[in-house]
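**Student:** I'd like to ask you about the structure that follows.
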Amino acid sequence: EAAIDPPNTPDSEALFTRLRNPSTGKFGNCDMGEATLYLFNSGAQQLFEVKCFQEEYHSWFIGQTVEQDGRLLFVTPMDPLFLILYYLIKAYKENGKFQPLDQVVLDSEYPYCSWLLKCTDVKQYIHHVTEEKEIGSQKFHRYSQEKTLKWLKKKVNQTVKALKSNNITVGQRVQSATFISGNPNPDSEEDYVRYAHGLISEYIPEDLSKELSKFL
1 EAAIDPPNTP DSEALFTRLR NPSTGKFGNC DMGEATLYLF NSGAQQLFEV
51 KCFQEEYHSW FIGQTVEQDG RLLFVTPMDP LFLILYYLIK AYKENGKFQP
101 LDQVVLDSEY PYCSWLLKCT DVKQYIHHVT EEKEIGSQKF HRYSQEKTLK
151 WLKKKVNQTV KALKSNNITV GQRVQSATFI SGNPNPDSEE DYVRYAHGLI
201 SEYIPEDLSK ELSKFL
């Protein structure tokens, strides 16, 4: 419901926009299955990921009409820190300096990336992935891999907890993804962690995913 709440002011309408894929830094499309379409709710207080499900020869009946576009869009809340990470890592590799966030999260190809900083709690939780310095009333940030790995580990643990609480069996999926033979316990803790790591890795760069795997 938060995604479609009516705007409080005329300039705070919900916005569908394309942003960089957080795992590749590139742009994908619905047909390729890459979720690079996002939704900012009214006031840009929250970010949602928009995923597309499409079947061939599928349409919708709407009232007395037939809509030929049979795609189904799934909208789910998204932690904006995953998308901000791309820009933090990029800035760190370029100069390694502390900078204001509004000078880091910039993109001429995807100008609405700056809206990520409007999302609720971003400035409160940005310290989970950065080092901070404060000069006067201004804060400066620099990417920290050490802090980011700790934050990502918490995300993995939260995902494991959610999988278990929803009675989702992951053993067979992990075996298929990693080509493991035999028949180990399908509900082992290791399988849950490995599967959760795979889910989180869809939203972080490959190099960081490898470091996270070692850190877990």
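Here the UniProt record's numbering is used: the first residue of the sequence shown is 1, the next is one more, and so on. Note that CB positions come from ideal geometry on N, CA and C, so glycine has one too. It should be emphasised that the depicted structure is a prediction, and the values quoted were computed from it without experimental measurement.
#1: Return the CA-CA distance between K161 and Y192, expressed in angstroms with no decimal places.
#2: To the nearest angstrom, how far is it from the Cα of T65 to the Cα of A14?
#3: Just to confirm, are L47 and F16 a CB contact at a threshold of 8 Å?
#4: Tell me the DSSP secondary structure of L116 in three-state form.
#5: Using 8 Å as the threshold, is the stretch 76-95 in touch with the stretch 138-147, meaning 3 or more CB pairs across them?
#6: Under the DSSP definition of a beta bridge, which residues are partnered with K133?
#7: Thinking just about the alpha-carbon of each residue, which of E131, D187, S213 and E134 is nearest to the one in G198?
#8: Measure how close the beta-carbons of V170 and W151 come, nearest whole angstrom, since I'm counting them as under 8 Å.
#9: Figure out for me which residue from K153, C113, A196 and K154 has the closest Cα to the Cα of I168.
#10: Which residue marks the beginning of the alpha helix (DSSP H) containing R18, and which one marks its end?
**Tutor:** Taking the coordinates as given:
#1: 9 Å
#2: 27 Å
#3: no
#4: helix
#5: yes
#6: The partner list for K133 (beta bridge, DSSP) reads F140.
#7: Out of E131, D187, S213 and E134, S213 has the C-alpha closest to the C-alpha of G198.
#8: The Cβ separation is near 22 Å, so there is no contact.
#9: A196
#10: Unbroken run through R18 is the beta strand (DSSP E), L15 to R18; no alpha helix (DSSP H).
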